[in-house]
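Protein chains in written order, with the numbering used here: chain A, 1 to 479; chain B, 1 to 479.
We treat Cβ as the ideally placed atom computed from N, Cα and C, and that holds for glycine.
Bear in mind the structure is a predicted one, so any value in this text is a computation, not a measurement.
Accompanying notes for the structure given below.
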């Protein structure tokens, strides 16, 4: 009896039977009650600790179900014999060997920690949205529509390729407003552009394959292609995006990853002629083009430029779009428009590695589009972001005249500033942080080593006075 | 002028400037207006078609921005020269070559189509939830809490490893109620168990590596390991789950994938001794154990069995859990509890291939847990599903006495029926469908070729009278 030495805490939320169960279990695992030992009867234990007999029986029953003890009719309850306990074994943590892919993850990846507590007072972070612009009241209403016990939709697994009405709404929207030519069947919903790129790379590329990219360019896409063991063939962009004329004649790239509507992060659109030449190159070299239209909707003059995908006549272009920039980033919903030949491989692959996106969100976005909220919201966004961009440019002209260079395109959510060569990029970022201003180094976006110093200024999360004040403080550092 | 031959539709929703833009663009791409051609002046075109001059200017401006035309001061607007048009080229669809992985996807994967229109009247589909049990009113309230313009949370990208309050809530819950030993830092949120398995396989396994699995077992996990080129070493389970004693002495498996709390799909729990032997085997063979606790919460007597992970002393066990079964499938939220050594590789990998799960859903689930709704809901589920299971078993005893075998464990969302060897499984499934009853073949869950005929009956989406009626109809087929 004394060998059990239970400590029951009657003030705890943890029921007494669980306390008895837990302590007996730990004692057995630690070898403190030897295998084969006969436990006190439930009556004895109940008396000894002043608890109800049913409490002890409950604990014994759970221990028996889990295999710690067994009952022999008429003889009592015994600790299971021959338990292969590791109590004596030193518990040296196991460090599993990583695959070659795993080693690349460790070399390329970043830890997913949220940046440390101190958010800068004025944060020119890229890709953030401004909460006051999004119509959360509409969104709440659309979500609530499906959150009812009368609706069986949420109690089933969704479709791997995506919620069909959303695919239809997107196909219609993309044709009308982005110049994309597709049917709903070619539209597949993904969690993000990153997932789309990952599945495409796995489906189409082998280690050692060449991938044409822009520099500066989207660093997360670089990381992804590197993760697959691909070689990056980076062409430095000019004011008009990807420089097709500079593709080397002997280039064997199997894929070109480009941002034709608004080059990321430098800015600037790829002219029609260059787009047609790129398509011609792809046709000649049996290559695929991935068009990342991450913010094509956000142009502040004219209508958005038509997508490269619309010029494709033989299924060479994969078009990527996202709701992160035009709805809100935490939504985690993007889409890919696939050439017909890739639909089945892509959907099958997605079904094997990730199933579908949450149905509720997809249904709400579908209604948001078909009921006209999306285009109305885009109008608001264009106005709001256009003004913010103007405020940024005005502040740059006022406080830093002639000191920085940037592409003048009226588009996007950020401006990339190229600084004069003698500026120390890292030092500037640090000094800005000390002045309460978050600006982001341009270095990581460049594949080439000798990139001129640059910084990224996202303006979508800031109000106009904050933008002006931020630039004023930046200029003070320069002085 | 006549060469333009525009057809303007004044009744269309499409603005006139866009109609002009679209038709000129198509004509240029098709080579119908030759490169270098001078377009009519905006005044001429406006007069000819009876539209405002600003309409034409808008169309020309968009064409110019996209590179179709260019303006020469004083001379007019010209179609861009030297456009490399492919109008003449035959548009044979491009079929890109797939990687080895892509070829395996095509061999293993299924098309993600929703099953064809006809849903059976009584559907014993697995893993569906019963909409009337879930507290959608609570859920709506929790979501609405974060859907406000005052809350900046949704306008930022979330954390890759998951929303921290949810990781904390899960760590607490798993320790208290599932016997898992972990800190919040070891809990990572994923879109589904499939994503967790995919990342683990990529991090840890190479093509040709052996993986120990149960047969019958979780067919989607089989598919995933096969997709990675792994060899499946399948051990046939008995009434007590994974048969550790049958692991061959020369087994070189690097990973064992098991369902100790309730073997999927056969049912039955792995006794403590077998769990300890498996841990010992893993220690001796430098192998990892993946514990898929897909429905461990759903036991209808006693409390849920403690997880194998809680017995692990040196970081060999990866624990997988999901909200699909206990909240609703369309939620797409699961979690993985990682040994400390795997946290950084896993989170970095997830950051590279998929970022984080939607913040809103995660925040709502966190509140659902910490405010006590989750445990209350689990109680309701246990009662509701326990009764449904009882109804199913009662119907089997009544209508099919002695004709079928199944594991009697009071747990889970389905029962796997083993039929007598002379029954033709596929024919039974088909005849059941004709009688309006959806039952699912057991064959795909078995790795071995000579598996006895079996069917899966999920009961979680059906009311008790439907369950009885379904079994009555099944029995009529047998007769």
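What is the rounded straight-line gap between the Cα of residue i and the Cα of residue j?
{"i": "residue 247 of chain B", "j": "residue 235 of chain B", "result": "7 Å"}
{"i": "residue 136 of chain A", "j": "residue 307 of chain B", "result": "41 Å"}
{"i": "residue 408 of chain A", "j": "residue 196 of chain A", "result": "30 Å"}
{"i": "residue 453 of chain B", "j": "residue 221 of chain B", "result": "21 Å"}
{"i": "residue 250 of chain B", "j": "residue 446 of chain B", "result": "23 Å"}
{"i": "residue 145 of chain A", "j": "residue 365 of chain A", "result": "12 Å"}
{"i": "residue 53 of chain B", "j": "residue 72 of chain B", "result": "18 Å"}
{"i": "residue 245 of chain B", "j": "residue 318 of chain B", "result": "22 Å"}
{"i": "residue 480 of chain B", "j": "residue 357 of chain B", "result": "With chain B represented from 1 up to 479, any question about residue 480 of chain B goes unanswered, as that position is not in the structure."}
{"i": "residue 467 of chain B", "j": "residue 475 of chain B", "result": "12 Å"}
{"i": "residue 138 of chain B", "j": "residue 63 of chain B", "result": "52 Å"}
{"i": "residue 170 of chain B", "j": "residue 163 of chain B", "result": "11 Å"}
{"i": "residue 203 of chain B", "j": "residue 224 of chain A", "result": "15 Å"}
{"i": "residue 350 of chain B", "j": "residue 191 of chain A", "result": "12 Å"}
{"i": "residue 332 of chain A", "j": "residue 354 of chain B", "result": "9 Å"}
{"i": "residue 262 of chain B", "j": "residue 237 of chain B", "result": "12 Å"}
{"i": "residue 471 of chain A", "j": "residue 392 of chain A", "result": "8 Å"}
{"i": "residue 265 of chain A", "j": "residue 168 of chain A", "result": "31 Å"}
{"i": "residue 36 of chain B", "j": "residue 179 of chain A", "result": "24 Å"}
{"i": "residue 55 of chain A", "j": "residue 42 of chain A", "result": "9 Å"}
Using a Cβ-Cβ cut-off of 6 Å (strictly less than) and excluding sequence neighbours within five positions of residue i, which residues of its own chain qualify?
{"i": "residue 302 of chain B", "result": "none"}
{"i": "residue 156 of chain A", "result": "none"}
{"i": "residue 367 of chain B", "result": "142"}
{"i": "residue 440 of chain B", "result": "456"}
{"i": "residue 28 of chain B", "result": "68, 79"}
{"i": "residue 242 of chain B", "result": "214, 258, 270"}
{"i": "residue 209 of chain B", "result": "230, 254"}
{"i": "residue 96 of chain B", "result": "none"}
{"i": "residue 181 of chain A", "result": "310"}
{"i": "residue 405 of chain B", "result": "418"}
What residue range is occupied by the uninterrupted beta strand (DSSP E) comprising residue i?
{"i": "residue 380 of chain B", "result": "Where residue 380 of chain B is concerned, there is no enclosing beta strand (DSSP E), although the alpha helix (DSSP H) it sits in stretches over 373-399."}
{"i": "residue 215 of chain A", "result": "210-215"}
{"i": "residue 335 of chain A", "result": "334-337"}
List the DSSP bridge partners of residue i.
{"i": "residue 78 of chain B", "result": "B:38, B:70"}
{"i": "residue 329 of chain B", "result": "In the DSSP output, where bridge partners are listed per residue, residue 329 of chain B has none listed."}
{"i": "residue 99 of chain B", "result": "For residue 99 of chain B, which the question treats as bridged, DSSP gives no partner whatsoever."}
{"i": "residue 417 of chain B", "result": "B:455"}
{"i": "residue 480 of chain A", "result": "For chain A, the structure presents residues 1 to 479; residue 480 of chain A sits outside this window and is missing."}
{"i": "residue 411 of chain B", "result": "B:299"}
{"i": "residue 441 of chain B", "result": "B:455"}
{"i": "residue 405 of chain A", "result": "A:418"}
{"i": "residue 305 of chain B", "result": "Answer is none; residue 305 of chain B lacks a bridge partner."}
{"i": "residue 231 of chain B", "result": "B:210"}
What are the boundary residues of the alpha helix (DSSP H) that residue i is part of?
{"i": "residue 431 of chain B", "result": "425-434"}
{"i": "residue 17 of chain B", "result": "16-29"}
{"i": "residue 345 of chain A", "result": "340-353"}
{"i": "residue 4 of chain A", "result": "Counting along the chain, residue 4 of chain A falls outside any alpha helix (DSSP H), and DSSP gives it neither H nor E."}
{"i": "residue 226 of chain B", "result": "219-227"}
{"i": "residue 121 of chain A", "result": "Segment: none, residue 121 of chain A is in no alpha helix (DSSP H) and carries neither H nor E."}
{"i": "residue 470 of chain B", "result": "464-478"}
{"i": "residue 294 of chain B", "result": "Taken as a continuous stretch (DSSP letters only), residue 294 of chain B belongs to no alpha helix (DSSP H), as it is neither H nor E."}
{"i": "residue 206 of chain B", "result": "Careful: residue 206 of chain B lies outside any alpha helix (DSSP H) and carries neither H nor E."}
{"i": "residue 360 of chain A", "result": "359-370"}
{"i": "residue 449 of chain B", "result": "Note, residue 449 of chain B: premise wrong, no alpha helix (DSSP H); not H, not E."}
Within a Cβ cutoff of 8 Å, which residues of the same chain sit near residue i, ignoring the five residues on either side of it in sequence?
{"i": "residue 559 of chain B", "result": "For chain B, the structure presents residues 1 to 479; residue 559 of chain B sits outside this window and is missing."}
{"i": "residue 75 of chain A", "result": "38"}
{"i": "residue 70 of chain B", "result": "64, 77, 78, 80"}
{"i": "residue 186 of chain A", "result": "171, 337, 338, 339, 340, 343"}
Go through its chain and collect everything with a Cβ distance to residue i's Cβ below 7 Å, but skip five positions before and after it.
{"i": "residue 114 of chain B", "result": "In this prediction, residue 114 of chain B scores a pLDDT of 48, lower than 50, which makes its location untrustworthy; the coordinate-derived value is nonetheless stated afterwards. Nothing meets the Cβ criterion."}
{"i": "residue 297 of chain B", "result": "304, 326, 378"}
{"i": "residue 382 of chain A", "result": "298, 300"}
{"i": "residue 277 of chain B", "result": "244"}
Beta strand (DSSP E) runs contained entirely in the region 147-189 of chain B, provided each spans 3 or more residues: The beta strand (DSSP E) runs lying completely inside the region 147-189 of chain B and spanning 3 residues or more number zero.
Whole alpha helix (DSSP H) elements within the region 234-287 of chain B, 4-residue minimum: 272-284
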